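J.:
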Amino acid sequence: MNKKTLLIYILVILFLIIVTSLFSLTHGLLEISIIDAVKILLRKVSYVDNTVLVIKYIRFPRIVVSCIAGSGLAASGCVFQSILKNPLADSFTLGISAGSVFGVAVALISGIEFSSVGFLTIPIFAFLGAMISVLIVYFIGIYKDFNSNKMILSGVFVNYIFSSIVILMFILSPINNVQFAFGWLIGSLSQFDEKLIPYIAFIVLLGIIILSLLGNIINVLSLDESKIKTLGINVEKNVKFFFIITSFITATTVSLCGIIGFIGFLIPNMVKKIVGNNNQILIPSCAFTGAFFLLLSDTLSRIIFTSILIPVGVITNIIGGFFFLFLQFFRSKKNIL
Numbered sequence: 001m002n003k004k005t006l007l008i009y010i011l012v013i014l015f016l017i018i019v020t021s022l023f024s025l026t027h028g029l030l031e032i033s034i035i036d037a038v039k040i041l042l043r044k045v046s047y048v049d050n051t052v053l054v055i056k057y058i059r060f061p062r063i064v065v066s067c068i069a070g071s072g073l074a075a076s077g078c079v080f081q082s083i084l085k086n087p088l089a090d091s092f093t094l095g096i097s098a099g100s101v102f103g104v105a106v107a108l109i110s111g112i113e114f115s116s117v118g119f120l121t122i123p124i125f126a127f128l129g130a131m132i133s134v135l136i137v138y139f140i141g142i143y144k145d146f147n148s149n150k151m152i153l154s155g156v157f158v159n160y161i162f163s164s165i166v167i168l169m170f171i172l173s174p175i176n177n178v179q180f181a182f183g184w185l186i187g188s189l190s191q192f193d194e195k196l197i198p199y200i201a202f203i204v205l206l207g208i209i210i211l212s213l214l215g216n217i218i219n220v221l222s223l224d225e226s227k228i229k230t231l232g233i234n235v236e237k238n239v240k241f242f243f244i245i246t247s248f249i250t251a252t253t254v255s256l257c258g259i260i261g262f263i264g265f266l267i268p269n270m271v272k273k274i275v276g277n278n279n280q281i282l283i284p285s286c287a288f289t290g291a292f293f294l295l296l297s298d299t300l301s302r303i304i305f306t307s308i309l310i311p312v313g314v315i316t317n318i319i320g321g322f323f324f325l326f327l328q329f330f331r332s333k334k335n336i337l
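Under the working numbering, think of the first position of the sequence shown as 1, with each following residue one higher.
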């Protein structure tokens, strides 16, 4: 794909994000006109009523968080699929998201808070939990001989183990709130800490920029082992580096909205059909598309059943599950698994 076509693609996605954002701002239990919504965002109103509160403290923050999380998860999934050479690889199937939620649960239940960082304690614990998952899955994957399928299979079981531990922790804790645990495990945009948004946005944006700039190295890592050796690339060192960056992005998004599955799997598989496999182009394209997809999913979760709060992870899991079945049904003779 040339630069002109890429620019057109990104502009189309940005247009869709703007349109969906305006629709999300104005629709729900409380119907609001576009003019009123824009005036509130631009601080052109001097009064404070339910409309202002809904826009400023509920709908607009959800839009921002959905774009942050969607872009981070999609970009991370793109990198995982490239370096592991497996279209099923993403932070969800590798167990990294579940490890992050485990870290969040430890921080919430124990009440630990580092005085020097305060509310950033949860993202820190999320990253520590993610690294525990990464260490388990990575070392199982490279044991005796590297195998991405073995790594993903290990990640699936790590996912189940950590998810079960999180539920057990919440049941046995003074919080005793399984529904709260469910929100973290299925993915929800209803229980995030607004103070984290600017910090998480900076981390995710910086991570995506770094990954995009290093796209050529990721391209090399996606080649056959024999070709990589001729180029003098240290595979193990680079794979570890990209695992850390993508895990950090995943952990920060999980600390905002819990586990939102299938975005890292679904978006890269779709976008690479449009823009190709060059990661310098593919990663930013996935980031923009992931932002739009999660924003659209969250809008649908609020609009379809206005009287019931549907976690956005339910929508992404349904769409991602059907896409996986579609992919399996129409795949080529070369097996994915």
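The beta carbon of each residue, even a glycine, is placed where N, CA and C say it ideally should be. Keep in mind that this is a model prediction, so the values were computed, not measured.
Taking the CB atoms as reference points, tell me whether C286 and P268 lie closer together than 7 Å.
T.: yes
J.: Assuming I17 contacts L295 (C-beta within less than 8 Å), just tell me the rounded distance between them.
T.: 6 Å
J.: For the alpha helix (DSSP H) containing L294, list its first residue and its last residue.
T.: N279 to I303
J.: Measure the alpha-carbon distance for T20 versus L30 and round it to whole angstroms.
T.: 17 Å
J.: Should V101 and V166 be called a contact, given that it needs their Cβ atoms to be closer than 7 Å?
T.: yes
J.: How is A89 classed by DSSP in three states: helix, strand or coil?
T.: In this structure, A89 counts as coil in the three-state DSSP scheme.
J.: Do you know how far the Cα of S24 is from the Cα of P61?
T.: 11 Å
J.: Can you check which of these residues, L41, F119, T121 and V158, is closest to I136 by C-alpha distance?
T.: V158
J.: With DSSP as the reference, label S226 as helix, strand or coil.
T.: Note: S226 maps to helix in three-state DSSP.
J.: In chain order, what residues of the same chain have a beta carbon less than 8 Å from the beta carbon of I304, not counting five sequence neighbours either side?
T.: I310
J.: Please specify which runs of the alpha helix (DSSP H), each continuous and at least 4 residues long, are wholly inside the stretch 217-268, giving them in chain order.
T.: 225-230 and 235-257
J.: So, L67 versus L282, is the Cβ gap smaller than 7 Å?
T.: Per the sequence presented here, residue 67 reads as Cys, with Leu not at that position. The answer is no: Cβ separation not under 7 Å.
J.: Based on Cα-Cα distance, which residue from S82, V48, G187 and E225 lies nearest to V254?
T.: The residue from S82, V48, G187 and E225 with its alpha-carbon nearest to that of V254 is G187.
J.: Under a three-way DSSP split, which group does E194 fall into?
T.: helix
J.: Thinking C-alpha only, which one of F292, I315, Q280 and F241 is nearest F351?
T.: As displayed, the chain neither begins before 1 nor continues past 337, which places residue 351 out of reach and without an answer.
J.: What's the C-alpha gap between I260 and T289?
T.: Each residue's Cα considered, the two are about 15 Å apart.
J.: Note down the Cα distance separating F323 from F265, rounded to an integer number of angstroms.
T.: Using only the alpha carbons, I get a separation of about 10 Å.
J.: Secondary structure at Y57, three-state DSSP: helix, strand or coil?
T.: helix
J.: Quick one: what's got a C-beta closer than 7 Å to A98's C-beta in the same chain, skipping five residues either side?
T.: Correct list, in chain order: S133, V158, N159, F162, S163 and I259.
J.: By a C-beta neighbour count over all protein chains shown, 10 Å radius and 16 as the cutoff for buried, is T230 buried or exposed?
T.: exposed
J.: Please name the residue in L22, S301 and I274 whose C-alpha comes closest to that of S33.
T.: L22
J.: Alpha carbon to alpha carbon, how far is K237 from P284?
T.: 23 Å
J.: Identify which residue in S190, V239 and I245 has its Cα closest to the Cα of R302.
T.: S190
J.: Helix, strand or coil for N317? Go by DSSP, reduced to three states.
T.: helix
J.: Tell me where the alpha helix (DSSP H) around N149 begins and ends.
T.: S148 to L172
J.: Just to confirm, is the Cβ distance from K195 to F119 under 7 Å?
T.: Cβ distance < 7 Å, so K195 and F119 count as in contact.
J.: F182: which of Y47, A105 and I208 sits nearest, CA to CA?
T.: A105
J.: Can L128 and G103 be called in contact, C-beta distance under 7 Å?
T.: yes
J.: Which two residues bound the contiguous alpha helix (DSSP H) that contains P123?
T.: T121 to I142
J.: Distance, Cα to Cα, Y138 vs M151?
T.: 7 Å
J.: Out of curiosity, what's the CA-to-CA distance linking V220 and L205?
T.: If you draw a straight line from the Cα of V220 to the Cα of L205, it is about 23 Å long.
J.: On the three-state DSSP scale, how would you describe T51?
T.: helix
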